[in-house]
Each structure stands twice: as C-alpha cells, then as structure tokens.
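Numbering (the numbering used here), first residue to last: 8 to 95.
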C-alpha cells in the first residue's frame, strides 16, 4: 500500500498528467491513436462484416457517434437534475 488517501492518489495522478501535457509538443499527434480507436469502434458497430461502402460506413459511424454523445449528454443532464433535487 502506498499510504496515500484516495484524494492524495487522485492529486498525484493529476500532477503527473499535467506535467506530461506541459511537456507535449504536438497534442494532436499524442491523442491520434485514441481518436482513431474511438472512431473505429463506431465503424465496427455499424458495419461488423465490413460490407458497406467506405462512404456509407463513415456516414453511419458518424450518426452512431452522435447518438452515443447525445446519450451521454442526456445521462449527465439527468444526473445534474437529480443532484439539484429536481424531478426526474
């Protein structure tokens, strides 16, 4: 065990992350692999067998990505409303 509280572990992790980003010259390049994997997830979701034309697959994947983001947004709004004591 490290002897750190959960809050201290969180702060230590944040410190490391901020220090790394401070040394990063090309932020876009650093996150390229993650973005690529994220988009491939939706392409696989809409065309698991790889039979669609690339243009159609891209359109459907973009719609799937937007639906995913809206679902997250709805969950966030619902959570904020509950925390504020509002109706569900």
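Just so you know, even glycine gets a beta-carbon here, dropped at the ideal spot from N, CA and C.
Taking the alpha helix (DSSP H) that residue 13 belongs to, which residues open and close that run? Along the chain shown, one-based indexing puts residue 13 at 6. 13-29 is the extent of the alpha helix (DSSP H) around residue 13.
task = Specify whether the stretch 12-24 and the stretch 40-47 touch according to this definition: at least 3 beta carbon pairs, one from each stretch, less than 8 Å apart.
result = With contact defined as three or more Cβ pairs closer than 8 Å, the stretch 12-24 and the stretch 40-47 are not in contact.
Given 8 Å, three or more beta-carbon pairs between the stretch 46-57 and the stretch 70-80:
The way I'd put it, the stretch 46-57 does touch the stretch 70-80; three or more beta-carbon pairs between them come closer than 8 Å.
**Prompt:** What is the residue span of the alpha helix (DSSP H) that residue 44 lies within?
**Reply:** Within the chain shown, numbered from 1, the residue matching residue 44 stands at position 37. Under the DSSP assignment, residue 44 falls in the alpha helix (DSSP H) whose first and last residues are 34-53.
When we look at the beta-carbon of residue 84 and count the other beta-carbons within 10 Å, is it buried (16 or more) or exposed? As a position in the chain shown, residue 84 is number 77, starting the count at 1. Exposed, because fewer than 16 other Cβ atoms sit within 10 Å of the Cβ of residue 84.
Between residue 32 and residue 53, what straight-line distance do the alpha-carbon atoms span, to the nearest angstrom? Here residue 32 is taken as the residue at index 25 of the chain shown, counted from 1. Here residue 53 is taken as the residue at index 46 of the chain shown, counted from 1. If you take the alpha carbons of residue 32 and residue 53, they lie about 35 Å apart.
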